[in-house]
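Q: Next up is a structure, given as structure tokens.
In my numbering, the protein residues as written are 17 to 128.
Below, the structure is given as structure tokens:
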């Protein structure tokens, strides 16, 4: 009877050890190269994309509006978190967080 209890205890220990090793093995990728650590997800915010300048419309008084992402914007207005800081007949300046971007018109899409 004593040997039956010892065998039962040994089996319980072996099964417990196997369960622990299997759960540890399940937490890693067996196909990954040795020493490989998976990348952690990035927590940095992606900056909004610059709006696309489609056209600049100017009247005879040198008042200009820009078509950005299909929307008409004048100086001082906002689009996608950017402020339209300047518009002239050839380019638009945007500002965000102390930085400036200059968008230019391509293919002579200037309308006067």
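The beta carbon of each residue, even a glycine, is placed where N, CA and C say it ideally should be.
Could you tell me the alpha carbon to alpha carbon distance between residue 120 and residue 90, rounded to whole angstroms?
A: Rounded to the nearest angstrom, the two C-alpha atoms are 15 Å apart.
Q: Looking at residue 87 and residue 81, is the spacing between their C-beta atoms short of 7 Å?
A: No, the pair does not count as a contact, with Cβ atoms beyond the cut-off.
Q: Which first and last residues belong to the beta strand (DSSP E) in which residue 88 is found?
A: 87–89 is the extent of the beta strand (DSSP E) around residue 88.
Q: Verify whether the separation of the beta carbon atoms of residue 67 and residue 84 is less than 7 Å.
A: Yes, the pair counts as a contact, with Cβ atoms nearer than the cut-off.
Q: Here's a check: name, in chain order, each residue in its chain whose Cβ is nearer than 6 Å to the Cβ of residue 93, leaving out the five neighbours to either side.
A: Excluding residues within five positions, the ones whose Cβ falls inside 6 Å are 100.
Q: How far does the beta strand (DSSP E) with residue 101 in it extend, from its first residue to its last?
A: Where residue 101 is concerned, the enclosing beta strand (DSSP E) stretches over 98–103.
Q: Who are the Cβ neighbours of residue 118 in its own chain at under 6 Å, not counting the five residues just before and after it?
A: 107, 109, listed in sequence order.
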